[in-house]
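Enquirer: Going by my numbering, the letters in the sequence shown line up with residues 1 to 109, in that order. For every residue, glycine included, the Cβ atom is placed at its ideal position computed from N, Cα and C. Have a look at this one.
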Amino acid sequence: LFKTKLLLMGKDVDIIMSKVMEDKQMLVIMDLLETTSIYCPTNLMPLLSLRIIQLSLSHGVCVNTATSFAFYSGMLCHVGDVSGAYKYGKFALDIMQRMQAKEKYCRIH
Numbered sequence: 001l002f003k004t005k006l007l008l009m010g011k012d013v014d015i016i017m018s019k020v021m022e023d024k025q026m027l028v029i030m031d032l033l034e035t036t037s038i039y040c041p042t043n044l045m046p047l048l049s050l051r052i053i054q055l056s057l058s059h060g061v062c063v064n065t066a067t068s069f070a071f072y073s074g075m076l077c078h079v080g081d082v083s084g085a086y087k088y089g090k091f092a093l094d095i096m097q098r099m100q101a102k103e104k105y106c107r108i109h
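This is the structure:
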C-alpha cells in the first residue's frame, strides 16, 4: 500500500489517464493478474490489485486499472483516508467510462 501511495503522490489523475496501455503482452498480464485476484486467497488480493495499479502507472491504463483503483479506494477507506478513497473511487469510475468498460461495472460499484 505504501509503495503504491508513493508512486501516486503528486500525480494528477488527468496525467495518469492520458496514457492508454497498448502493449498486447501487458494487457494479457493485466487480465491474468485481475482474474487471479478474484480466485486467490483473500490475503493476496490486495497485492495483485496494487501491482495492477503500479503497472498501469508505468505502462498506461486499461480496463483492469478501473477495478484495481476501486479496490484501492476501499483499502484507503479501511485505513481512514476517506478523501483519498473518494478521489480514487471516482477515478475508477472515470476510467471505466473512458475505456467503455461496462463489463466492469458490477466490480467497481
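What residue from 33, 44, 65, 101 has the CA that sits closest to residue 88's CA?
Expert: 65
Enquirer: Taking the C-alpha atoms as reference points, what is the distance between residue 24 and residue 31?
Expert: 11 Å
Enquirer: Please classify residue 72 as buried or exposed, where buried requires at least 16 other C-beta atoms within 10 Å of its C-beta.
Expert: That one is buried.
Enquirer: Could you check whether the region 8 to 21 touches the region 81 to 98, counting it as contact only if at least three pairs of C-beta atoms, one from each stretch, sit closer than 8 Å?
Expert: yes
Enquirer: Does DSSP put residue 157 in a helix, a strand or coil?
Expert: A question about residue 157 goes unanswered here, because the residues of the chain that appear run from 1 up to 109.
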